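Q:
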Amino acid sequence: MAFKTEYLKEVMETVIKRNPAQPEFHQAVREVLESLEPVIIKNPKLQENGIIESLVEPERVITFRVPWVDDNGKVQINRGFRVQFNSAIGPYKGGLRFHPSVYEGIIKFLGFEQIFKNSLTGLPIGGGKGGSDFDPKGKSDREVMAFCQSFMTELSKHIGADTDVPAGDIGVGAREIGYMYGQYKRLRNEFTGVLTGKGLTYGGSLARTEATGYGLCYFTDAMLKDNGKSFEGATVVISGSGNVAIYATEKATQLGAKVVAMSDSNGYIYDPEGIDLAAVKQIKEVERKRIKEYLNYRPNATYTEGCSGIWSIKCDIALPCATQNEINEESAKKLVANGCYAVAEGANMPSTPEAIDVYQSNGLLFGPAKAANAGGVATSALEMSQNSMRYSWTFEEVDAKLKNIMVNIFNNTRDAAAEYGMPGNYAAGANIAGFLKVASSMMAYGVV
Ligand code: NDP
Ligand code: 2IT
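Numbers in our numbering are just positions in the sequence shown, counted from 1, shifted up by 440.
#1: So is R537 buried or exposed if we call it buried at 16+ other beta carbons inside 10 Å?
#2: I believe F591 touches S572 by the beta-carbon criterion, under 8 Å. Please report the beta-carbon distance rounded to the nearest angstrom.
#3: When DSSP builds the beta bridges, which residues end up paired with Y743?
#4: Under a Cβ-count criterion, where at least 16 other Cβ atoms within 10 Å of its own Cβ denotes burial, should M829 be classed as buried or exposed?
#5: Expressed to the nearest angstrom, what Euclidean distance is found between the alpha-carbon atoms of A674 and G696?
#6: May I ask you to list the residues that DSSP assigns as paired with M702?
#7: Quick one: what does DSSP say T503 is sitting in, helix, strand or coil?
#8: Does DSSP put A782 in a helix, a strand or coil?
#9: Give the C-beta separation of G490 and V506 to the nearest angstrom, bearing in mind that I take them to be a contact with Cβ-Cβ under 8 Å.
#10: Assign I517 to buried or exposed, taking buried as 16 or more other Cβ atoms, counted over all protein chains shown, within 10 Å of its Cβ.
#11: Take G545 and list the residues in its own chain whose beta-carbon comes closer than 6 Å to its own, dropping the five residues that flank it on each side.
#12: For S771, is the beta carbon positioned less than 7 Å from some heavy atom of ligand 1?
#13: Could you tell me the distance, in whole angstroms, from the CA atom of Y737 to the CA atom of G570?
#14: Relative to the C-alpha of S559, which residue among V888, V684 and K810 is closest?
#15: How would you call F552, buried or exposed, if buried means at least 16 neighbouring beta carbons within 10 angstroms?
#16: Please report how far the alpha carbon of A692 lies from the alpha carbon of G714, in whole angstroms.
#17: Between the Cα of A468 and the Cα atoms of S752, A787 and P793, which residue gives the shortest distance?
#18: I'd like to check one pair, E488 with K444: are the Cβ atoms closer than 8 Å?
#19: I want to know whether the region 677 to 686 touches the region 739 to 759 - three or more CB-CB distances under 8 Å.
#20: Less than 7 Å between the CB of Q554 and some heavy atom of ligand 2, yes or no?
#21: Cβ-heavy atom distance between V684 and ligand 1 below 7 Å?
#22: Need the endpoints of the beta strand (DSSP E) that N436 sits in, please.
#23: May I ask you to report which of helix, strand or coil DSSP gives V605?
#24: Measure the CB-CB distance between E785 and G815 and report whether it falls below 8 Å.
#25: Which complete beta strand (DSSP E) runs does the region 791 to 862 hold, if anything under 3 residues is left out?
#26: Contact between the region 838 to 857 and the region 646 to 661 is defined here as three or more beta-carbon pairs at a separation below 8 Å; is this criterion met?
#27: Exposed or buried, which one is Q554 when buried takes at least 16 other CB atoms within 10 Å?
#28: Within 10 angstroms of the Cβ of V783, are there 16 or more other Cβ atoms? Answer buried if so, exposed if not.
#29: Between which two residues does the beta strand (DSSP E) holding L476 run?
#30: Consider the C-beta atom of E464 and the heavy atoms of ligand 1; say whether any pair is separated by less than 7 Å.
#31: Using 8 Å for Cβ pairs, my map puts Q524 next to D609. What's the rounded Cβ distance?
#32: Report yes or no: is there a C-beta of chain C within less than 8 Å of the C-beta of L563?
#33: Kindly list the residues whose CB is nearer than 6 Å to the CB of M862, restricted to its own chain and excluding five residues on each side of it in sequence; keep chain order.
#34: Which partner residues of V509 appear in the DSSP bridge assignment?
#35: At a threshold of 7 Å, does C747 count as lining ligand 1 (C-beta to nearest heavy atom)?
#36: I'd like to check one pair, V726 with I565: are the Cβ atoms closer than 8 Å?
As C-alpha cells, then:
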C-alpha cells in the first residue's frame, strides 16, 4: 500500500535514510504509518506539531559492551542495547531479548511497537526494549549469570522504577531476570520494582508467567465471540514452545480447543490427539531441551525438521508465538487453503506484510500482536503497581484484571477501526487506538 499524503511519504523516507540497514524497523514503522493516515488527514494539528516525526525517533538509544568470562576462562564480548523509545504516557517499559540475531534494528522495531501496545493496555507505561546478541542456548548457569551480571552493571545506570522497567522476551525468563535483579539490587542498594517477571519470592506477580499466552487467548476469545465463533471444538496450531506458546496452549485447551502442533527453531511436532503440555513443560521449562524430545513421551506424534512447515497443518485458528516474520505469503496461503479462519499473534510482528494482505483479502479474523500479546506487559504493569503498594494480589485477582484488560483492548481496537472507516481491520484499529493516547500526551507537552 502506498501513502496518500506527501507528509507520511517523506517521514517514511527519512526513517529509511536515517536508519539504514534496519529492515525490521522500517517494516514496523511503515505498517503503523499506513494505518494512521486517516487519523492524520482528519487532525492537521498532528502534522503541524511534528508528532509523527517525533514518534519515529527514539528518545534515547543506548549501546554498550558486555564483557564476561566463559567456562574455559576465555573473555567473551557481546553487545547490549536499550532503546528508550517514548515516555509520553509513563516510564519506558518493555522486554530484553537475548538472541544471536539481535542488533539495533530488531530492538528498534520492538521498542516502536511497544509504544502502541503499552498504550492499548490502558496503563501508564511508555515504550522501550533492549537486549543483546548473547545466545543463552548451550551455556552453563554460571555463564548465563556472568553475562547477566555484566549486562546489568551497565544497564543499571540507565533504568529505574520510575524511569525504565525492563522485563523478559526471547531468551530472557525467570533465571535471567533473577541474576539481573540480584545484580541491580547489589549495585544500587535498593529493593525496587525495576524489573518485572521477577520470582514470586522477591516481588514477582502471580500470573505474570502465564500472562502473555493467557492474554492472547482472552483477546482471541473476545474476537472470535464478536464474530459468532469460539475456541470450543476448534483445532489450533501454535508455533514456538517458549513462554508465550506454552501458556497459550494451556489456555486454548482450557477454553475447549485442541492444540495439535508446536515448534522450536529446529522443527515442529504434530500430535493429532492434542499436545501433552506436561511433556512440553518438562522438556522446555525444566530440561531446556529441544522439542524433538516430545517423541519420547508421545511416540505416535511426528516431528519434522524446519519451522515453516507447521503452517501447512490443517487448523481453524493459528497462533504464531515464536518470532518475527515467521509467516510469509506462502504460509498464509496454506493456512487459507486449509480453512483457517483466525490468526492472532502471540509473537511480535510474526506475519510479513504480504501474509497480512492474504489474511485480509480472504476475510480471516486477524488479531495483531500489539493488541493480542499485550497481556504480558499489562501484567508487568500490574506487577509494578503491586511493588509500589508493597502488596500482592492473588492469582485469581491478577488473572481477572488481565482478562478485563484484554477484552477492553479488543473492544477499543474494534471500535477505533470502525470509527475510522475500516470495520473488522483490527490491525489498523490497534494502531489507531494505541496512537491516540500517546499523541494527545505529546501534544500537551509542546516541543520536548
Ligand atoms: P522464549 O525464549 O520463551 O521462546 C521463544 C520460542 O520461539 C522458542 O520456542 C524458540 O525456539 C522460538 N524461536 C525464537 N527465535 C526463533 C527463530 N528465529 N526461528 C524460529 N523459532 C524461533 O520467548 P517468548 O515465548 O517469551 O517469546 C516468543 C515471542 O513472543 C517473541 O516474539 C516475543 O517478542 C513475544 N512476546 C513475548 C512476551 C513475553 O512476555 N515473554 C510478551 C509479548 C510478546 P528455540 O528454543 O529453538 O530458539
Ligand atoms: O513484547 C513484550 O510485550 C514483552 N516482551 C513483555 C514486556 C514487559 O515489559 O513485560
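The beta carbon of each residue, even a glycine, is placed where N, CA and C say it ideally should be.
Just so it is clear, the structure is predicted and the values come from calculations on it, not from any experiment.
A: Here's the rundown:
#1: Its Cβ being crowded by 16 or more others within 10 Å, R537 is buried.
#2: At roughly 6 Å, the Cβ-Cβ gap stays under 8 Å, so F591 and S572 are in contact.
#3: Partner(s): I709.
#4: Classification of M829: exposed, given that the 10 Å Cβ count is below 16.
#5: Each residue's Cα considered, the two are about 7 Å apart.
#6: DSSP, once it has assigned bridges, lists I709 as partnering M702.
#7: Three-state result, T503: strand.
#8: In the structure shown, the three-state DSSP call for A782 is strand.
#9: Between the beta-carbon of G490 and that of V506 there is about 35 Å, and that puts the pair past the 8 Å contact cut.
#10: So I517 counts as exposed.
#11: Apart from the 5 residues on each side of it in sequence, G545 sits with its Cβ closer than 6 Å to the Cβ of Q462, E464 and F465 in its chain, given in chain order.
#12: No, since every heavy atom of ligand 1 falls outside the 7 Å radius drawn around the Cβ of S771.
#13: Using only the alpha carbons, I get a separation of about 36 Å.
#14: S559 has its Cα closest to that of K810, out of V888, V684 and K810.
#15: Buried: at least 16 other Cβ atoms inside 10 Å.
#16: Those two C-alpha atoms are separated by around 11 Å.
#17: If you compare the alpha carbons of S752, A787 and P793 with that of A468, the shortest gap goes to P793.
#18: No, the pair does not count as a contact, with Cβ atoms beyond the cut-off.
#19: Yes, the region 677 to 686 is in contact with the region 739 to 759.
#20: Checking the Cβ of Q554 against ligand 2 gives yes.
#21: Indeed, a heavy atom of ligand 1 lies less than 7 Å from the Cβ.
#22: Nothing can be reported for residue 436: it is not among the residues displayed for the chain, which extend from 441 to 888.
#23: In the structure shown, V605 sits in a strand (DSSP, three-state: E or B).
#24: No, the pair does not count as a contact, with Cβ atoms beyond the cut-off.
#25: As far as the region 791 to 862 is concerned, its whole beta strand (DSSP E) runs of at least 3 residues are 805 to 807.
#26: With a cut-off of 8 Å, the region 646 to 661 and the region 838 to 857 count as touching, because enough Cβ pairs lie within range.
#27: Buried.
#28: Buried, since its Cβ has 16 or more Cβ neighbours within 10 Å.
#29: L476 -> not in any beta strand (DSSP E); alpha helix (DSSP H) instead, spanning P463 to K482.
#30: No.
#31: That pair is no contact at about 16 Å.
#32: Checking the listed chains, one finds no chain C in this structure; it contains a single protein chain.
#33: Here the set comprises A868.
#34: Partner(s): V515.
#35: In terms of side-chain proximity, the C-beta atom of C747 is found nearer than 7 Å to a non-hydrogen atom of ligand 1.
#36: Not closer than 8 Å, so no.
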